[in-house]
Structures are given as C-alpha cells and as structure tokens.
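First up is the structure itself, then whatever we jot down about it.
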Ligand code: F3S
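Numbering (the UniProt record's numbering), first residue to last: 2 to 82.
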C-alpha cells in the first residue's frame, strides 16, 4: 500500500499536481496543495486506480513536495516512510 502527503513547506503552488491527479490533490486558501484523501494527513492509502495519476503528479512537481511512502505519514511529511 502507498501513502501520500504534500509538504506544504516547500510547495510553491505551481498547480501541476491537481492537473495530473484531480482526484488526489486540491489547493487550500493559500494555494498550497493538499491530499484530498484525508486532508493531507497521509494516513489513507492511495486507491490502486489512482496510483498512475499519483506517479504523474510526483514526477511533475518541480519542488519534490509530494511524498510517497509505504507507511502512513501521520501528518508529517518529514517522516521517513
Ligand atoms: Fe505544490 Fe508541487 Fe503541487 S509545488 S502545487 S505540490 S506540483
């Protein structure tokens, strides 16, 4: 299972992620991306049918702000997962 979270500290609101994966990402009031799966906690596993979109978004983020891991992030993008 894969888990995903956005590091808002490094997101520059470029807008690429939701273009690649509209079911996975949206933007908050500051324009920063977050995971739609669980409000950016990184604790809900990514559905299989969205893994391809996730890979596209991951590859397209210019600041490497999208984290993907094998364990839940519990809200912390810095957690080694
Ligand atoms: Fe931010 Fe990267 Fe998306 S910079 S808006 S997380 S593509």
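Backbone N, C-alpha and C fix where the C-beta goes; we use that ideal spot for every residue, glycine too.
Close Cβ partners of residue i (< 8 Å) along its chain, the five nearest in sequence each way excluded
i: residue 7; result: 18, 26, 33, 34, 35, 36, 41, 66, 67, 68, 78
i: residue 4; result: 43, 44, 45, 46, 47, 69, 70, 71, 72, 73, 74, 82
Any non-hydrogen atom of ligand 1 within 7 Å of residue i CB
i: residue 63; result: yes
i: residue 74; result: no
i: residue 7; result: yes
i: residue 13; result: yes
Residue interval of the beta strand (DSSP E) (run including residue i)
i: residue 56; result: Element bounds for residue 56: not the beta strand (DSSP E) but the alpha helix (DSSP H), 52-61.
i: residue 34; result: 34-36
i: residue 13; result: Element bounds for residue 13: n/a, residue is neither H nor E.
DSSP three-state assignment for residue i, whether helix, strand or coil
i: residue 39; result: coil
i: residue 27; result: strand
Alpha carbon of residue i to alpha carbon of residue j, nearest angstrom
i: residue 11; j: residue 55; result: 18 Å
i: residue 29; j: residue 39; result: 13 Å
Spatial neighbours of residue i in its chain, beta-carbon cut-off 6 Å, leaving aside the 5 residues before and after
i: residue 13; result: 64
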